[in-house]
Amino acid sequence: MATPYYDPDTEGIVYVVRPYAGGCDQDDSDSDMETISSASTARTTSTITSEEVGDYFREAYGRTYAHDENLPLMYPIDDIETRRHQMQHVFLKALVHGNYIGPVQDVLRPRADGSRPRILDIRTCAGNWAQDMAAEFPHCDITSIDIAPIASHTPRANITFEIYDLYAGVAEPDESFDYVKEYDRLIFDLHRVLKPGGLITICEVENQVYDADQPLYDIPAYQTFPDAARALQVLRIAAEKQGIDIDAIHHFHEWIQPNSPFWTHTAEKYGIPSPRREITTRGFRDVHKQIVLMPVGAWHSDPAVQQVGDLIARGFSLAWKQLEPSLIDSGTPPEEASRICSAIIEAYSRSDFHVVGKYHMVYGTKN
Numbered sequence: 003m004a005t006p007y008y009d010p011d012t013e014g015i016v017y018v019v020r021p022y023a024g025g026c027d028q029d030d031s032d033s034d035m036e037t038i039s040s041a042s043t044a045r046t047t048s049t050i051t052s053e054e055v056g057d058y059f060r061e062a063y064g065r066t067y068a069h070d071e072n073l074p075l076m077y078p079i080d081d082i083e084t085r086r087h088q089m090q091h092v093f094l095k096a097l098v099h100g101n102y103i104g105p106v107q108d109v110l111r112p113r114a115d116g117s118r119p120r121i122l123d124i125r126t127c128a129g130n131w132a133q134d135m136a137a138e139f140p141h142c143d144i145t146s147i148d149i150a151p152i153a154s155h156t157p158r159a160n161i162t163f164e165i166y167d168l169y170a171g172v173a174e175p176d177e178s179f180d181y182v183k184e185y186d187r188l189i190f191d192l193h194r195v196l197k198p199g200g201l202i203t204i205c206e207v208e209n210q211v212y213d214a215d216q217p218l219y220d221i222p223a224y225q226t227f228p229d230a231a232r233a234l235q236v237l238r239i240a241a242e243k244q245g246i247d248i249d250a251i252h253h254f255h256e257w258i259q260p261n262s263p264f265w266t267h268t269a270e271k272y273g274i275p276s277p278r279r280e281i282t283t284r285g286f287r288d289v290h291k292q293i294v295l296m297p298v299g300a301w302h303s304d305p306a307v308q309q310v311g312d313l314i315a316r317g318f319s320l321a322w323k324q325l326e327p328s329l330i331d332s333g334t335p336p337e338e339a340s341r342i343c344s345a346i347i348e349a350y351s352r353s354d355f356h357v358v359g360k361y362h363m364v365y366g367t368k369n
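Taking this note's numbering, the leading residue of the sequence shown gets 3, the next gets one more, and so forth.
This is how it looks when you write it as structure tokens:
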């Protein structure tokens with residue numbers, strides 16, 4: 003929680019982010035996180051002055067969001083959002099059995115000449131992924147970027163946290179990173195800063211749930227999970243009104259291929275010079291796509307999967323606690339937005355709905 007106080011050194015109001023252990027308020031939801039992951043989320047105290055607050059944050063519908071009004075109004079910046087990202091990191095790590103896919107260890111292996119491989123993490127959020135990678139690869143340097151100071155972070159010698167409008171461009175030199183982890187312009191810029199032979203991964207949770215009793219897992223749970231179906235449809239409309247391509251998740255693996263139309267269209271859209279355009283159209287080789295099923299709720303027969311599924315449902319419920327203002331901003335009446343969010347949160351607390359989500363992961367090597 004940020005607390006204002008008068009600082010005689012700066013002669014102004016300073017907002018203090020209090021350190022705490024366990025990542026968020028201690029309640030019964032945190033016990034599940036601790037049984038799955040023993041990683042510490044203790045944080046150090048950091049401050050921003052009152053003059054700087056307006057540079058990073060804005061108020062809307064009684065909630066705090068990133069300052070840039072050109073960004074979609076989706077998830078606010080608060081303790082709930084920090085908790086949600088921490089929970090998401092834990093259950094995704096459990097599902098993937100680690101922090102990455104693809105030849106990451108090979109790309110980041112220690113260098114004979116003593117040079118340090120570089121990792122670029124886009125959207126720091128709670129910072130858990132960067133912290134894990136810094137511990138696993140102490141011989142690498144990590145730059146983690148976000149659009150606002152969402153949370154304070156435990157300092158590490160091999161992590162640099164940066165705050166700026168990354169959607170206007172990644173402020174890093176050409177071909178300076180070995181590995182970037184995560185859209186049209188951003189992917190274009192990530193290609194620019196990645197070294198030839200470097201690795202990109204793009205990972206997103208799909209905005210849909212599917213009937214788990216259908217073996218192909220390709221039938222949306224419109225009938226078995228109607229509250230979720232209704233809520234997700236309204237969210238899709240809200241996202242599209244704010245310019246979010248909610249179906250992009252299905253096309254990343256096609257976009258980053260060599261000579262795909264994506265490179266040309268994006269370059270034309272943003273007026274990217276021809277020399278850079280010609281380099282970027284080389285794209286990525288050895289592109290792979292992997293989809294991991296996410297059990298939503300504690301319905302699975304395997305106790306370990308039950309535990310992960312319950313954590314996923316809790317994380318999804320936190321997401322819907324955050325999304326009500328976004329629905330209102332996109333035209334849904336406040337009473338209806340409240341009802342939709344309450345209904346899906348209630349549905350996620352039940353174990354009689356057998357549904358799964360999908361986690362899409364794409365990786366490729368820069369040509």
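Just so you know, even glycine gets a beta-carbon here, dropped at the ideal spot from N, CA and C.
Anticipated Cβ contact below 8 Å, residue i with residue j, distance rounded
i: E177; j: P198; result: 7 Å
i: T126; j: F93; result: Not a contact, Cβ separation roughly 19 Å.
i: V236; j: T334; result: 6 Å
i: S262; j: E270; result: Actually they do not touch by this definition, with Cβ atoms about 14 Å apart.
i: V106; j: Y166; result: So it is not a contact: roughly 26 Å between Cβ atoms.
i: I144; j: A136; result: 5 Å
i: R284; j: P260; result: 6 Å
i: Y272; j: A315; result: Not really, about 39 Å apart at Cβ, beyond 8 Å.
i: F190; j: T268; result: 5 Å
i: G359; j: V207; result: 6 Å
Backbone CA spacing between residue i and residue j [nearest angstrom]
i: G104; j: A128; result: 23 Å
i: Y365; j: V289; result: 6 Å
i: E348; j: M363; result: 29 Å
i: R65; j: A150; result: 15 Å
i: V357; j: T367; result: 34 Å
i: W322; j: Y185; result: 23 Å
i: W131; j: M89; result: 12 Å
i: R194; j: P297; result: 37 Å
i: R113; j: D148; result: 29 Å
i: K243; j: R60; result: 20 Å
i: D229; j: C343; result: 9 Å
i: P305; j: G299; result: 12 Å
i: C205; j: L196; result: 17 Å
i: I79; j: N209; result: 20 Å
i: M76; j: D247; result: 13 Å
i: I274; j: D354; result: 51 Å
i: L218; j: L295; result: 11 Å
i: Y102; j: D134; result: 11 Å
i: Q225; j: R352; result: 16 Å
i: L325; j: K291; result: 29 Å
i: D11; j: Y67; result: Confidence at D11 is low in this model, with a pLDDT of 43, below 50, so its placement is unreliable and no value can be given for it.
i: Q308; j: F254; result: 30 Å
i: S276; j: P336; result: 48 Å
C-beta neighbour in chain D for residue i, strict 9 Å
i: P112; result: Of the protein chains in the structure, only one exists, and it is not chain D.
9 Å Cβ cutoff met for residue i and residue j
i: G245; j: P74; result: yes
i: C142; j: P157; result: no
i: G171; j: R187; result: yes
i: P327; j: A62; result: yes
i: A96; j: L313; result: yes
i: N369; j: R287; result: yes
i: S154; j: L122; result: no
i: R232; j: I330; result: no
i: D215; j: P222; result: no
i: I281; j: Y361; result: no
i: L168; j: F139; result: no
i: A240; j: S340; result: no
i: E83; j: I152; result: yes
i: L192; j: I251; result: no
Paired residues, beta bridge with residue i - DSSP
i: R65; result: A62
i: G366; result: I202
i: P222; result: Y212
i: R118; result: None; R118 has no bridge partner.
i: P297; result: V358
i: Q292; result: M363
i: V307; result: Answer is none; V307 lacks a bridge partner.
i: D249; result: D249 pairs with nothing; no bridge assigned.
i: R287; result: T367
i: V207; result: Y361
Residue i beta carbon near the ligand NAD (any heavy atom closer than 8 Å)
i: W131; result: Looking for the ligand NAD in the displayed structure turns up nothing, as the structure carries no ligands at all.
Every unbroken alpha helix (DSSP H) within the segment 141-200, with a cutoff of 4 residues, ordered by chain: DSSP runs (the alpha helix (DSSP H)) wholly in the segment 141-200: 186-195.
Alpha helix (DSSP H) runs contained entirely in the segment 319-360, provided each spans 4 or more residues: Taken in chain order, the complete alpha helix (DSSP H) segments of 4 residues or longer contained in the segment 319-360 are 336-350.
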